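Asks:
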């Protein structure tokens, strides 16, 4: 039985799924690192969250 080549559309689906997974990981991992960041550098939680909010604002604009 001869194997067919992977269709170009499925390659785009796989790449898009990987990009979405990396984006979701980067977005939600911030909540895990918030407490260690504030404890390590003696920063306030609002300052760290504000910096992340500014980062997201620039991504969305």
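In the working numbering, the protein residues as written are 429 to 489.
Every residue gets a Cβ at the ideal spot worked out from N, C-alpha and C, and that includes glycine.
Values in this document were obtained by computation on a predicted structure and should not be read as measured data.
Would you check if there are 3 or more beta carbon pairs closer than 8 Å linking the segment 438-455 to the segment 467-483?
Replies: The segment 438-455 vs the segment 467-483: no contact.
Asks: Do residue 487 and residue 476 come within 7 Å of each other at the CB atom, strictly closer than that value?
Replies: The sequence position of residue 476 within the chain shown is 48, counting from 1. The sequence position of residue 487 within the chain shown is 59, counting from 1. No; because the gap between Cβ atoms is not below 7 Å, this pair is not in contact.
Asks: Between residue 462 and residue 455, what straight-line distance do the alpha-carbon atoms span, to the nearest angstrom?
Replies: In the chain shown, residue 462 corresponds to position 34, counting from 1. In the chain shown, residue 455 corresponds to position 27, counting from 1. Straight-line Cα distance between these residues: approximately 12 Å.
Asks: At what residues does the alpha helix (DSSP H) containing residue 477 begin and finish?
Replies: Numbered from its first residue, the chain shown carries residue 477 at position 49. Taken as a continuous stretch (DSSP letters only), the alpha helix (DSSP H) holding residue 477 covers 473-488.
Asks: Anyone know if the C-beta pair for residue 483 and residue 458 falls short of 7 Å?
Replies: Within the chain shown, numbered from 1, the residue matching residue 483 stands at position 55. Within the chain shown, numbered from 1, the residue matching residue 458 stands at position 30. Going by C-beta atoms, residue 483 is not nearer than 7 Å to residue 458.
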